[in-house]
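Okay, structure first, notes after.
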Amino acid sequence: MGLSWLSNSSGLVDISKGLVEKRRLSPNSLIRFDLIKNRAPKSIGSRFSKGFRSIMQYLNYLFPVHSKPTTKRHVLRFLVLFLAICSNAASQSNALNGSIINPQETSGPLWVKSELVKAGVLKTPDFRFTNDYQAYQQFSNIKGLFFNGLDYIGKQTKVFCWYGVPNGLSQGEKRPAVVLVHGGGGTAFPEWVKEWTDRGYIAISVALEGQVPGEKVEHSNGEKLWPDHGFSGPRRIGFFEDVVTIKLQDQWFYHAVSDVMLATSLLISFPEVDANSIGISGISWGGILTNVITGIDDRYAFAIPVYGCGFLQETPHYSSLLTLLSKEQRQFYLQNWEPSLYIPLQEQPTLFVNGTNDFHFTMNSFTKTYEASKNEKYLYVEHNMKHGHSPGWEPEEIYAFADNVVKKAGRPLIPKFQKLKRNNELIYVYEGKVTEAYLYYTTDTADWGRDNYTWQQTNMRFYDNKKTISVTLPEDAQAYFVNIVDSEGLMYSSPMRMVKKNSH
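Under the working numbering, the first residue of the sequence shown carries the number 1, and numbering increases by one thereafter.
Have a look at this one:
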């Protein structure tokens with residue numbers, strides 16, 4: 001492809017197809033010499049030499065021998081500056097999974113990724129199985145283990161997990177696996193692991209706040225927390241209240257991300273795990289983490305974030321929590337941890353799961369998250385779905401989606417919007433066998449966080465020979481989406497659409 005981009009402090013110089021154009025960069029600018037992700041770039045020297053020859057050929061075309069000397073001097077001055085920048089970039093850049101990143105970069109997903117990789121999250125951590133919590137070991141095929149996490153305030157951490165394999169796993173047999181990421185107030189749940197092992201998966205549920213099994217303990221402030229241990233890492237403090245006040249490597253979210261990535265590295269090392277068929281699913285805060293992690297870790301075959309989404313600054317709940325942070329903390333969050341930075345970087349197939357009235361992750365931000373994803377994606381939006389760990393792992397569509405990816409079983413359905421006619425007839429098309437179809441609409445979008453938010457349901461009409469469904473959209477509808485149910489009783493959703501009055 002040849003040298004195509006050069007990043008500097010003021011803009012982007014594009015030297016391809018005979019063009020020299022300066023464009024503004026985002027704060028997280030990259031120096032990239034290969035646009036194909038995860039392909040190791042050719043030697044920087046060879047890229048520069050080819051690029052230099054291309055530039056010289058182009059300049060000879062633009063400025064023949066009889067050109068004015070002053071013109072040539074300006075061009076040569078540009079070339080000297082260009083080569084100086086290239087030389088500096090070559091000497092200071094380093095390769096990270098096929099991308100060239102500037103080590104001076106101190107914000108954004110690639111900076112976070114570089115810090116995590118340097119810390120060793122892609123290496124297999126030391127671990128040991130433990131019998132210390134047999135009183136809480138509910139299932140014979142699920143055991144407790146500790147693995148070594150990253151240092152916290154200069155001290156070693158150990159992370160507790162429940163690890164389970166399917167009953168009847170044969171010697172030498174490999175199975176797909178999944179990493180389970182709990183939400184706020186949660187911990188490592190053996191019941192969640194059991195949901196997956198019953199369906200033929202190996203599963204690991206990670207305790208992300210230094211918890212160990214036991215009864216919750218009431219603290220002096222009246223808050224009840226899971227017990228911790230002598231090697232616990234940080235606990236979450238509100239909504240990113242620890243950013244800026246302490247360094248990145250001691251922040252809770254950084255440790256939560258690293259714990260999940262280390263758990264994935266551990267799974268890959270186990271002989272019974274099919275390393276090419278590892279998925280990830282997170283609930284609530286775990287969904288936030290899932291969206292972030294899959295933007296910088298491409299080892300997952302599938303992802304299922306439940307509730308948790310991006311664009312949190314646009315939700316009523318989290319936008320109010322952001323106001324409690326200092327200006328510097330808000331900026332750090334928006335530049336480094338906001339999931340919408342990571343979602344466009346994802347590559348794995350994803351099923352986004354939510355409820356229509358989720359107070360924490362409202363439909364406006366959830367829909368923007370889905371739309372920002374550029375990978376293969378599907379939706380499950382349940383009318384009035386409760387928020388919690390158990391409701392978050394109950395939908396059978398979660399497991400059917402995983403089976404589709406790693407076992408090639410079935411296929412999720414996608415109701416596709418076709419058009420909204422002038423007579424307000426709404427038309428969707430679909431593939432596969434659909435037995436039920438419903439329109440959900442709301443007549444008020446003034447406050448996405450309102451407790452009594454109302455979505456109306458109405459049946460849609462079928463035109464079987466055309467794989468088409470339709471319904472008359474009420475005149476006062478302001479937003480709507482469609483749910484379809486297949487012959488197996490599995491439900492899938494279309495993204496929410498806002499009604500643009502007088503536009504159809």
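Note that the Cβ used here is the ideal one computed from N, Cα and C, for glycine as well. None of the values given here were measured: they were computed from a predicted structure.
For Phe-147, count the other beta carbons within 10 Å of its own beta carbon; 16 or more makes it buried, fewer makes it exposed. Which is it?
Residue 147 sits at position 147 when you count from the first residue of the sequence shown. So Phe-147 counts as buried.
Going by other Cβ atoms of all chains shown within 10 Å of its Cβ, with 16 needed for buried, is Ile-296 buried or exposed?
Within the sequence shown, the letter at position 296 stands for residue 296. Looking at its Cβ environment, which holds 16 or more other Cβ atoms inside 10 Å, Ile-296 is buried.
Please state if the CB of Ser-493 and the CB of Asn-483 are separated by a distance shorter than 7 Å.
Position 483 of the sequence shown holds residue 483. Position 493 of the sequence shown holds residue 493. Result yes, Cβ atoms of Asn-483 and Ser-493 sit closer than 7 Å.
Specify whether the segment 321-336 and the segment 285-304 touch according to this definition: at least 3 beta carbon pairs, one from each stretch, less than 8 Å apart.
no
Under 7 Å between the Cβ atoms of Asp-242 and Gln-249?
Position 242 of the sequence shown, counted from the first residue, corresponds to residue 242. Position 249 of the sequence shown, counted from the first residue, corresponds to residue 249. Not closer than 7 Å, so no.
Arg-461 to Gly-410 span [Cα, whole Å]
Taking the sequence shown and counting its residues from 1, one reaches residue 461 at position 461. Taking the sequence shown and counting its residues from 1, one reaches residue 410 at position 410. Whole-angstrom Cα-Cα distance: 25 Å.
Please confirm if the segment 350-358 is in contact with the segment 262-279, defined as three or more CB-CB distances below 8 Å between the two stretches.
no
Asn-364: which of Pro-412, Pro-344, Arg-450 and Gly-108 sits nearest, CA to CA?
Position 364 of the sequence shown holds residue 364. Among Pro-412, Pro-344, Arg-450 and Gly-108, the Cα nearest to that of Asn-364 belongs to Arg-450.
What's the gap between the Cα of Val-565 and the Cα of Arg-175?
Residue 565 falls outside the range modelled here, since the chain spans only 1 to 504, and no answer is possible.
Suppose you measure from the CA of Gly-286 to the CA of Phe-366; what does that come to, to the nearest Å?
Working through the sequence shown from its first residue, we reach residue 286 at position 286. Working through the sequence shown from its first residue, we reach residue 366 at position 366. Gly-286 and Phe-366 have their C-alpha atoms roughly 15 Å apart.
Quick one, are the C-beta atoms of Val-206 and Pro-227 less than 7 Å apart?
On the sequence shown, residue 206 is found 206 positions in, with the first residue counted as 1. On the sequence shown, residue 227 is found 227 positions in, with the first residue counted as 1. No.
What first and last residue would you give for the beta strand (DSSP E) that runs through Asn-148?
Numbered from its first residue, the sequence shown carries residue 148 at position 148. Looking at the DSSP string, the run of the beta strand (DSSP E) that includes Asn-148 is 142-152.
With 16 other Cβ atoms within 10 Å as the buried cut-off, status of Glu-21:
Sequence index remark: in the sequence shown, residue 21 carries index 21 (1-based). Since pLDDT at Glu-21 reaches only 32, below the 50 mark, its modelled position is unreliable, and no value is offered.
For Asn-384, count neighbouring Cβ atoms within 10 angstroms of its own Cβ and tell me buried if that reaches 16, exposed if not.
For this step, residue 384 is matched to residue 384 along the sequence shown. Under this definition Asn-384 is an exposed residue.
So, helix, strand or coil for Val-260, using DSSP?
Counting from 1 along the sequence shown, the entry for residue 260 is found at position 260. Helix at Val-260.
Can you name the start and end residues of the beta strand (DSSP E) that Tyr-508 belongs to?
Because the chain here runs from 1 to 504, residue 508 falls outside it and cannot be looked at.
For Lys-419, the residue or residues it bridges with in DSSP
Working through the sequence shown from its first residue, we reach residue 419 at position 419. Bridge partners of Lys-419: Ile-427.
From the DSSP output, in three-state form, read off Ile-293 for me.
Position 293 of the sequence shown, counting from 1, holds the residue named residue 293. Helix.
Could you tell me the alpha carbon to alpha carbon distance between Asp-486 and Glu-396, rounded to whole angstroms?
In the sequence shown, counting from the first residue as 1, residue 486 sits at position 486. In the sequence shown, counting from the first residue as 1, residue 396 sits at position 396. Their Cα atoms are separated by approximately 13 Å.
Reduced DSSP secondary structure (H/G/I, E/B, other) of Val-244
Taking the first residue of the sequence shown as position 1, residue 244 is located at position 244. Three-state DSSP puts Val-244 in coil, outside helix and strand.
Separation of Asn-465 from Trp-337, as counted between CA atoms:
The residue labelled residue 337 in the question sits at position 337 within the sequence shown. The residue labelled residue 465 in the question sits at position 465 within the sequence shown. For Trp-337 and Asn-465, the distance between alpha carbons rounds to 48 Å.
If you compare alpha carbons, which of Ala-372, Tyr-254, Lys-407 and Ser-284 is closest to Gly-108?
Taking the sequence shown and counting its residues from 1, the one referred to as residue 108 is at position 108. Closest option to Gly-108, Cα to Cα, is Tyr-254.
Looking only at DSSP bridge pairs, what is Arg-461 linked to?
Position 461 of the sequence shown, counted from the first residue, corresponds to residue 461. Arg-461 is bridged to Ser-470.
Going by beta carbon distance, what residues of the same chain come within less than 8 Å of Ile-278, once the five residues before and after it are set aside?
For the purposes of this step, residue 278 is taken as residue 278 along the sequence shown, with counting starting at 1. So the qualifying residues of the chain are Pro-176, Ala-177, Val-178, Val-179, Thr-264, Leu-267, Ile-268, Arg-299, Tyr-300 and Ala-301.
From this set, Asp-274, Val-273, Gly-230 and Ile-293, which residue's C-alpha is nearest Ile-280's C-alpha?
As a first step, residue 280 must be located in the sequence shown, where it is residue number 280. Of the listed residues, the one whose Cα sits closest to Ile-280 is Ile-293.
Is the beta carbon of Met-496 closer than 7 Å to that of Phe-481?
Position 481 of the sequence shown, counted from the first residue, corresponds to residue 481. Position 496 of the sequence shown, counted from the first residue, corresponds to residue 496. In contact: Phe-481 and Met-496 (Cβ atoms closer than 7 Å).
CA-to-CA distance, Gln-456 to Leu-413, given in whole angstroms
Within the sequence shown, residue 413 is the residue found at index 413, counting from 1. Within the sequence shown, residue 456 is the residue found at index 456, counting from 1. Taking the CA atoms as reference points, Leu-413 sits about 22 Å from Gln-456.
DSSP state of Ser-281, grouped into three classes?
Reading the sequence shown from its first residue, position 281 is the one you call residue 281. In this structure, DSSP gives Ser-281 an extended state, which the three-state scheme calls strand.
Between Pro-166 and Lys-118, what straight-line distance do the alpha-carbon atoms span, to the nearest angstrom?
As a working note, residue 166 is residue 166 in the sequence shown. As a working note, residue 118 is residue 118 in the sequence shown. For Pro-166 and Lys-118, the distance between alpha carbons rounds to 34 Å.
Limits of the unbroken alpha helix (DSSP H) element including Asn-384
Counted from its first residue, the sequence shown places residue 384 at position 384. Asn-384 -> no alpha helix (DSSP H), and no H or E assigned at all.
Bridge partners for Gly-355 per DSSP, in chain order?
One-based indexing of the sequence shown puts residue 355 at position 355. Under DSSP, the beta-bridge partners assigned to Gly-355 are Glu-382.
Chain-order list of residues whose beta-carbon lies under 6 Å from that of Thr-157 (same chain, five-residue window excluded)
Mapped onto the sequence shown, residue 157 falls at position 157. For Thr-157, where only same-chain residues beyond five positions count, the Cβ hits under 6 Å are Gly-149, Phe-231 and Gly-233.
If I'm right that Val-193 touches Trp-162 with Cβ under 8 Å, what's the distance once you round it to whole angstroms?
Looking up residue 193 in the sequence shown gives position 193. Looking up residue 162 in the sequence shown gives position 162. Sure, about 5 Å apart at Cβ, within 8 Å.
Among all the DSSP beta bridges, which residues are the ones paired with Leu-225?
Position 225 of the sequence shown, counted from the first residue, corresponds to residue 225. Answer by DSSP bridge pairing, in chain order: Val-217.
Using only alpha-carbon positions, find the residue among Glu-425, Thr-468, Lys-155 and Leu-262 that is nearest to Thr-435.
The residue labelled residue 435 in the question sits at position 435 within the sequence shown. If we check each option's Cα against that of Thr-435, Thr-468 comes out closest.
Nearest neighbour of Thr-445, chosen from Ala-372, Gly-489, Lys-408 and Thr-315 [CA to CA]:
If you number the sequence shown from 1, residue 445 lands on position 445. Minimum Cα distance to Thr-445 is reached at Thr-315.
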